[in-house]
Amino acid sequence: MSKIAEVLPLSPLQQGFLFHALYDDQATDDYCVQSVFDLNGVLDAQMLRDALLALMQRHANLRAGFMQQGQAQPMQVIPRDAAVPWQIIDLSEQDEPTRQRKLQATLDRDYRRRFDPARPPLLRFTLIRLAGERHQLVFTYHHILLDGWSMTVLLDELFTLLKHRGDVSVLKPVTPYREYLAWIKRQDVEAARMAWRAYLDGVEEPCRLVAHLPNNAPPTQTFIVKLPQALTAALTQQARQHRLTLNTLLQMAWGVLIGKLGGRDDVVFGITVSHRPPELAGVESMVGMMINTVPMRMRLRPEQTLLELLQHVQGQQAGLIEYQHLSLTEIQRSVGLGELFDTHVVFENMPLGQLSDDDGASVAGLRITDLGGAGGDRTHYPLGLCAIPRASGLELRLGYRTDLFERAQVEVIGQRLQGLLEA
């Protein structure tokens, strides 16, 4: 590692990601994320590489390594400099079947290659040449570095640099990630503990679908349910009419479903919350890990109307916003029941970037299209839901452990979830 620029603490969710990365360093890491972009047009590969290096220099926390051994608390150590992990693979001379086979093998091999948290940077880029003016850029990183919002910020900055031939002066000044970590340190931890204890008061036992978790988990699989555009529009209108969010409707459907599956009327599951405090100047364009996992509780009472329950749940969540900085470990410790849940919901709600339309974006003579990738919807929980708004309708991605759920079971869960949303 080069000279150290700074040493920083970890955010609450970064601590969780580091634990899972170190817990079983032989298994596939569910928090390795692979994004793939189609590039059509004249490409200056060196300029692209230089732009990526400029982003790593601009956002110091992208260079972080994460240390646990010998430390009372884990730390992220940021070297002063770091090279861009970069390789170019040329498949342009292959016939189409061979090209596609080798492309998929390259993507699979890249995704399976784990990051060592102590050996930064925890990201890498692969440029694959498919034909004369057609390439794919593969950006693979560990989720401990970035949340989804930050990914959008990074892509917008990358495209701006490409448009201006690498001129960093056209970008806005950076608000360093360390300012967010300092903000967390200033918060009243005891007040947050009290708020979560009050919210979870009366929960008598963890809300689990699986009684026992085997230690060695196989790679997570995903089952996708694509809601029709008409249903998505109707849900959006229903939410707007009652001053609710689409996220609240989805969480409600999940809570009812988990309650039915587990035979419970006091349901707790995990939710991922974006945590960008508005009082922190420049936080909207900050790059880093600014999400957290917290419990969501839903008490299903027959005498209460669905609308009353939705409004109550959304109101409770609004009241907890200022306490969402507390780590899940601290929340669970304050309640004293161990792990409170084994299912999880995330609703991707990111700013519109330059790739927000279906056809991608034109940048410096290139047409760039987001092809998706692997790992963004995966979770270490036995069962998780990732909801992604698409132009064609809401996409529900059910991630599940194959040693605990059969695919047929998950398909039924997906059908029941869609049925609840239709109802």
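Under the working numbering, the letters of the sequence shown match residues 7 to 429, in that order. We put the CB at the ideal spot given by N, CA and C, even for glycine. Since we're looking at a predicted model, the values are computed, not measured.
- Its Cα nearest to that of Leu19, the residue Asp153 stands out among Asn67, Phe165 and Asp153.
- Arg403: member of the beta strand (DSSP E) spanning Glu401 to Tyr406, first to last residue.
- Where Asn253 is concerned, the enclosing alpha helix (DSSP H) starts and stops at Leu252 to Gly268.
- Contact check for Leu402 and Val231: beta-carbon distance about 4 Å, within the 8 Å limit, so the pair qualifies.
- Assignment of Tyr183 by DSSP, reduced to helix, strand and coil, places it in the helix class.
- When DSSP states are grouped into helix, strand and coil, Ser291 belongs to the helix group.
- Residue Val180 holds the alpha-carbon nearest to the alpha-carbon of Ala60 among Tyr117, Val180, Glu412 and Ser98.
- By the beta-carbon neighbour count (other beta carbons within 10 angstroms, threshold 16), Ile327 is exposed.
- Annotation: the continuous alpha helix (DSSP H) that includes Glu196 extends over Val195 to Tyr205.
- Beta-bridge pairing by DSSP links Leu233 to no other residue.
- Under the three-state reduction of DSSP output, Val42 falls in the strand class.
- Val416 places its beta carbon 7 Å or farther from that of Phe347.
- The shortest CA-to-CA distance from Arg199 to any of Thr228, Ile264, Met157 and Val300 is the one to Val300.
- Within its own chain, the residues whose Cβ lies closer than 6 Å to the Cβ of Leu332, once the five positions on either side in sequence are excluded, are Ala198, listed in chain order.
- Within the stretch 62–143, complete alpha helix (DSSP H) segments of at least 4 residues are found at 102–118, given in chain order.
- According to the DSSP assignment, Arg307 belongs to no beta strand (DSSP E), since it is labelled neither H nor E.
- Contact between Glu163 and Leu286 is absent: CB atoms are separated by about 19 Å, not below the 8 Å threshold.
- In the displayed model, Leu332 falls within coil according to three-state DSSP, outside both helix and strand.
- According to the DSSP assignment, Glu428 belongs to the alpha helix (DSSP H) that extends over Arg413 to Glu428.
- Gln21 is the residue among Gln21, Leu263, Thr132 and His170 whose C-alpha sits nearest the C-alpha of Pro123.
- With contact defined as three or more Cβ pairs closer than 8 Å, the stretch 251–259 and the stretch 405–421 are not in contact.
- Annotation for Leu313: the continuous alpha helix (DSSP H) segment containing it runs Leu312 to Leu326.
- Annotation for Ser280: no alpha helix (DSSP H) segment contains it, though the beta strand (DSSP E) segment containing it runs Asp272 to Ser280.
- In the displayed model, Asp56 falls within a helix according to three-state DSSP.
- Residue pairing for Thr228: DSSP places it in a beta bridge opposite Gly405.
- DSSP, read as helix, strand or coil, puts Gly371 in coil.
- Segment contact: the stretch 286–295 against the stretch 139–158, three or more CB-CB distances shorter than 8 Å; contact assigned.
- A direct Cα-to-Cα measurement between Glu290 and Arg282 gives close to 7 Å.
- Nearest neighbour of Phe43 by Cα position, chosen from Ala414, Thr375, Gln247 and Gly405, turns out to be Thr375.
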